[in-house]
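Worksheet: one structure, shown below.
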Amino acid sequence: HVRQLFALVSETLRYSPVLEKLLAGAALLQAEKKLPPQLAKVLVYDLLFGKGLKCGGRWKALARRHRARLEAELARLKVQQQVSRNEDLLAPAQAASPAASQLPRYVRVNTLKTCVEDVIDFFKRQGYSYLGKAASVEELKTLSGKKFLLDLHLPELLVFPPQTDFHDNLLYTSGHIILQDKASCLPAFLLAPAAGSHVIDACAAPGNKTSHLAAILKNKGQIFAFDVDTKRLATMNTMLMRAGVTGFQLTQQDFLTVDPRDPKYSKVTYILLDPSCSGSGMVSRVPREEPAASAERLRALTAFQRKVLSHALSFPALRRLVYSTCSLHREENEDVVQAVLQEQGSAFGYARCSRGDVGRSAGSALTLILRPRLVNAFPSWPCRGVAAFPGAESCLRASPADTLTHGFFVAVLERRGEGAAAPSSLPAAAEDNPHQGAETESGAAPRKRKRKKQRVK
45 HVRQLFALVS ETLRYSPVLE KLLAGAALLQ AEKKLPPQLA KVLVYDLLFG
95 KGLKCGGRWK ALARRHRARL EAELARLKVQ QQVSRNEDLL APAQAASPAA
145 SQLPRYVRVN TLKTCVEDVI DFFKRQGYSY LGKAASVEEL KTLSGKKFLL
195 DLHLPELLVF PPQTDFHDNL LYTSGHIILQ DKASCLPAFL LAPAAGSHVI
245 DACAAPGNKT SHLAAILKNK GQIFAFDVDT KRLATMNTML MRAGVTGFQL
295 TQQDFLTVDP RDPKYSKVTY ILLDPSCSGS GMVSRVPREE PAASAERLRA
345 LTAFQRKVLS HALSFPALRR LVYSTCSLHR EENEDVVQAV LQEQGSAFGY
395 ARCSRGDVGR SAGSALTLIL RPRLVNAFPS WPCRGVAAFP GAESCLRASP
445 ADTLTHGFFV AVLERRGEGA AAPSSLPAAA EDNPHQGAET ESGAAPRKRK
495 RKKQRVK
């Protein structure tokens, strides 16, 4: 159980100043001279704050011999600092630090295999208490014990208290649920491809977004997923198979080398682009100071991001594209979107191009190609893009402090013809059902289909 061990060590580091006081007050190291100090911290953390020492052997027996003295010292420390919760013993900087262990556990229901109602019933049978749909982000902070909520923004996302572990849960091992941060769910949710569409996931591994796209497509259509790492693709393939995803093609290839004019991609109307970035929005489980990305590294990343976004926009049938990063830097986010829109000439209207270019209409020496425009995505989302350019507030941002998620950025770009109705803010009716009433491919009339779900007993 590598994940559990990592979480134990991470939390021990976070509580290190408190544990040092407990060890000194209880004189544990003086009484047990052969006990290494760092191991003593891990044992005391697990004994008093964790799961009660699941390890075996002489170390477990040693720690339990001193349990009464350690518990008395913990009680004395709480009285001294006039607090009642263990968390309150931490210094303000530690307690408020955006550690991943403090973010809620988000669980995306895999609708390819089950439905939200059945998953809620399953967890109820396991002793969890369902509190209904959250009314605010603040309400998510109050979760504790075995209580859980339906997320207030995403209709297939359940929210559990921080550090709730589902890696051994039947729903996870069978692919009925996906453990995915809420912010990471936004790109596929906002792309909202219509069932039957052809979709590109340009930088796909490890595959959570790809499986989310497949669920939105209801496994009807085709997903082309690209990544340059063979091992990551192999892991991704296993994950997608477990999630019940069909109609996908994994390719070990740099997306920049994919030819937009290849007939294979002539029907690609949706692209999800989540390129390599600084990762400055990813919250660490280990409390440490992260070195800031150097100016040179940021320049290299933004140059790549601008290039790959421009490349994605060159696919001829493209209707909607989502650009996302797990970065907090404006240079990788709003500045990239602004630069590419400027390169395209304008956020609105048409451009003229030669016969050989994409968008060529038969029999004309010159033709018209639609330019992308930035869409006001998800108006009810609380955090918007920074004011880097007019309209940047149409972009979305996420952060541990404001949305209880990892740091994230999302922009939605669309193409539409002159005179067409303005695209609705995405996703349409997001609070109710973001995919209801979605268009179907090739003008086909929407049909009602009954889907059988695998019920987990």
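Counting in the numbering used here, the sequence shown runs from 45 upward without gaps.
Virtual Cβ for every residue (Gly too), placed ideally from N, Cα, C.
query, result
"DSSP-derived helix/strand/coil call for R129", "coil"
"At least 3 beta-carbon pairs within less than 8 Å: the segment 270-278 vs the segment 239-255", "yes"
"Proximity below 8 Å, CB of C321 to CB of C370", "yes"
"First and last residue of the uninterrupted beta strand (DSSP E) at L440", "L440 to A442"
"Entirely enclosed alpha helix (DSSP H) segments - the segment 208-239, minimum 4 residues", "214-217 and 226-235"
"R374 versus V430 - alpha carbon distance", "8 Å"
"Check whether E458 and P416 have beta carbons under 8 Å apart", "yes"
"Entirely enclosed alpha helix (DSSP H) segments - the segment 174-207, minimum 4 residues", "181-184"
"D225 versus V153, L87 and P423, residue with shortest Cα-Cα distance", "V153"
"Where T155 falls: helix, strand or coil (DSSP)", "coil"
"Spatially closest choice to S54 from F93, D212, L198 and L448, by CA coordinates", "F93"
"Boundaries (first-last residue) of the beta strand (DSSP E) holding E245", "Per the sequence shown, residue 245 should be read as Asp rather than Glu. Where D245 is concerned, the enclosing beta strand (DSSP E) stretches over H242 to D245."
"Where S368 falls, given that 16 or more other Cβ within 10 Å makes a residue buried", "buried"
"Whole-Å CB distance - L193 paired with V181, under 8 Å assumed", "Not quite, the Cβ-Cβ distance comes to about 11 Å (not below 8 Å), so this is no contact."
"Delimiting residues of the alpha helix (DSSP H) encompassing T282", "T274 to R286"
"Collapsed DSSP secondary structure at F166 in the structure displayed", "helix"
"Closest by C-alpha distance to D306, when choosing among L284, F359, F292 and T254", "F359"
"Three or more C-beta pairs below 8 Å linking the segment 103-115 and the segment 158-171", "no"
"Pick from L284, P237 and A178 that is closest to I221, judged by C-alpha positions", "L284"
"Beta carbon of Y89 nearer than 8 Å to that of L106", "no"
"Proximity test, A179 beta-carbon vs the ligand FMN heavy atom, cut-off 7 Å", "As for the ligand FMN, it is missing from this structure, which has no ligand bound."
"Proximity to S354 [Cα-Cα], best of L372, V380 and L345", "V380"
"Cβ-Cβ distance between F270 and V352 below 8 Å", "no"
"Pair within 8 Å by beta-carbon distance, K264 and P231", "no"
"Length of the line joining the Cα atoms of K199 and A356", "Here the sequence assigns Pro to residue 199, which means Lys is not the residue at that position. Taking the straight line from one Cα to the other gives about 29 Å."
"Where the alpha helix (DSSP H) containing R459 begins and where it ends", "No alpha helix (DSSP H) holds R459; the beta strand (DSSP E) holding it covers F452 to R459."
"Where the beta strand (DSSP E) through R504 begins and ends", "With the chain represented from 45 up to 501, any question about residue 504 goes unanswered, as that position is not in the structure."
"Pick from L365, P148 and L372 that is closest to L342, judged by C-alpha positions", "L372"
"Under the three-state DSSP convention, the category A269 falls into", "strand"
"Cα-Cα separation, V302 to W425", "34 Å"
"Counted within 10 angstroms of its Cβ, other Cβ atoms place P444 as buried (16 or more) or exposed", "buried"
"Buried/exposed call for D273, threshold 16 Cβ in 10 Å", "exposed"
"Cβ neighbours of L201 in the same chain (closer than 8 Å, five flanking residues each side left out)", "Y150, V151, R152, V153, L194, D195, K226 and C229"
"Cβ pair L121, K65 closer than 8 Å", "yes"
"Environment of A178 [buried if 16+ CB atoms lie within 10 Å]", "buried"
"Pair within 8 Å by beta-carbon distance, L257 and V366", "no"
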